[in-house]
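These notes are about the structure you will find just below.
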Amino acid sequence: MRQVILFFILPALFQTIARAAQPAPVHTVADSTVIDVYIEGMQAGKVRLVGTYGDQNFLADSSLADASGHFTLRREKPLRPGFYYFLLPGQKNFSILVDQEDQFMTLRANVEDIPGTIQVEGSLNTELLYRNFKFQKAQDPELSRMGQLLRTNPPGSDAYQEAKARQTQLLDERKAHLDEIFSKYPNAFFTKFKIAGQNPDWPDFHKPNGEVDTMGNLMYYRNHFWDGVDFTDGRLLNTPVVYNKLRRYITELTPQRPDSIIKVADPLVERVLPYKDYFQFFVNWIGLNYENGKTKVMDGEAVYVYLIDKYITPENAYWDTPENVQKLRQKVDEMKASLMGRKGPDVRAQDVNGVYHSIYEKTAPVIVIFMYSPDCEHCQEQSPEIQQIYEKWKDRGVDFFGIAVNTTDEEWREFVKKNRFTFTNVFDPTNRAIYAKYYVDITPELYVLDKDRIIVAKNLVAGQLESVFERHLR
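Just so it is clear: in the sequence shown, position 404 is 406 by the working numbering, and no numbers are missing.
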């Protein structure tokens, strides 16, 4: 397996909350939450209430359903406002939307079609949730048919135009349905939840020559993507809507290159900095998404380093101790020198014969730095291929510089001998030669330096090296 060399965890955001509650037949004054549920046709068994925070689910509570499909969820402490779903016996589930005033409700439905048959008493937000669901469900078959007609008929044909007109009419009806709810219940949690989940209309900008302005359309869409989210409303973090928007904004609407991601993520994090809960979730989720070893984006850790370096300070990271924050900041300081686009630091250490060698002594136009640990399975698997690639390219402008880490002098010497390495291999048991130079937390690690000794590639496997050589030796 790939071996972990250094490992620090960004302070955890989420806790799994678990508690059990038995149904009781009588409402007492001590109760802060009573949800009475009757699901016709449901089998007896344990019922779980699952809550949401960001991209995480947690067990919020539980109850027992009897043979008639009845259960009561009773709590002394009220539920946190947010989006929940009940996991029922028999793999069925359904959702509720809870606010402070929705803590006492009665729900009735048939197990064969819970969303279509549910009746809600005592919860305006859950009632609105299913009112809107039923309206959209009634439209869905016809919308699907119109979409099929649009895909199978040429634009400009009568069938296409008729389908387009009907699709527009149906979508206008859907919007009018929601606008009516928003107007009647402007302060309802459902209204905030639904508005936050809406995306801006895709614009239709054109260049002066008549071509579609693809970049202009994307920039407009991205600039207005968060318009519906009220960052003063922390309840929205307890629903899937904020996480779904953040994931799409960062990973789908943004080119997956470190500079592009930073350009988009930085102003967003800056925007939510005054709103503690949003700041905590956004900076942690984006940072962890591009942490070394967790991303396929080359040099994605540049995003991780940037966000932590700028935002995770003892003043801002209120959720963790100053000591842990300092450890994290020390980690990114160690990572900074080996980000792509920077000049690769020199390393000077002894080979198996006790002779000192340094990277900067190498004269080849391209240098590969191969960092390995002898007891790492992936290092053992890739080492023969690394040696073969070196033999193939050593007379074509490529040289290799091997650095052993996390090992002993004896193990390193045996590994070099076993793999018959003929390129330079060094080891410094004190680790001083490589500290804060070429960051490695998982081996093997490969860096590629160009003729100016700029880091032009990293986080590679052996099979990717030759395409990098070809690109930089043309």
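Virtual Cβ for every residue (Gly too), placed ideally from N, Cα, C. These numbers were taken from a predicted model, which means no experiment stands behind them.
Residue state for E416 is assigned as helix, using DSSP reduced to three classes.
Your pair A464 and I391 checks out as a contact, with CB atoms roughly 6 angstroms apart and the cut at 8 angstroms. Per DSSP, reduced to three states, the secondary structure at H179 is helical. Counting only runs that start and end inside the stretch 215-244, the alpha helix (DSSP H) elements of at least 4 residues fall at 216-225. Between Y313 and V285 a beta carbon distance of about 5 angstroms is seen, short of the 8 angstroms cut, so the two are scored as contacting.
Here the C-alpha atom of Y308 lies approximately 11 angstroms from the C-alpha atom of L341. In chain order, S360, I361, Y362 place their CB closer than 6 angstroms to the CB of D348, counting only its own chain and leaving out the 5 sequence neighbours on each side.
Per the C-alpha coordinates, the member of T409, E317, V450, K439 positioned closest to V334 is K439. Between the stretch 226-241 and the stretch 72-87 there are three or more C-beta pairs closer than 8 angstroms, enough to call the two in contact. With a beta-carbon spacing of about 7 angstroms, I116 and I41 fall inside the 8 angstroms limit used to define contacts. DSSP, read as helix, strand or coil, puts R434 in coil.
The beta carbon of D279 sits closer than 6 angstroms to those of G236, L239, all from its chain and outside the five residues before and after it, given in chain order. Spanning the alpha carbons of T432 and E387 requires a straight line of approximately 28 angstroms. An exposed status is given to S146, since fewer than 16 other beta-carbon atoms sit within 10 Å of its beta-carbon. In this structure, V442 sits away from L451, with a CB-CB distance that is not shorter than 8 angstroms.
Excluding five sequence positions before and after Q200, the CB atoms of its chain that fall closer than 6 angstroms to its own CB belong to G230, given in chain order.
A residue is called buried when at least 16 other Cβ atoms come within 10 angstroms of its Cβ; R344 does not meet this threshold and is exposed. Contact annotation: F429 and A351 have beta-carbon atoms nearer than 8 angstroms. In the three-state DSSP reduction, F137 falls in the helix class (H, G or I). Restricting attention to L61, N246, I37, the CA atom closest to the CA of E78 is found in I37.
Rounded to the nearest angstrom, the gap between the Cα atoms of W395 and Q258 is 30 angstroms.
Taking 8 angstroms as the cut-off, the Cβ atoms of V100 and N134 do not count as close.
Bridge pairing for R77: T35 [DSSP]. With contact defined as three or more Cβ pairs closer than 8 angstroms, the stretch 370-387 and the stretch 400-407 are in contact. Cβ-Cβ distances below 6 angstroms link T193 to F184, Y187 in the same chain, with the five nearest sequence neighbours on each side left out; the list follows chain order. Annotation: the continuous beta strand (DSSP E) that includes F372 extends over 368-374. As computed with DSSP, D63 is found in a beta bridge with L51. DSSP places R350 in the strand class (E or B) of the three-state scheme.
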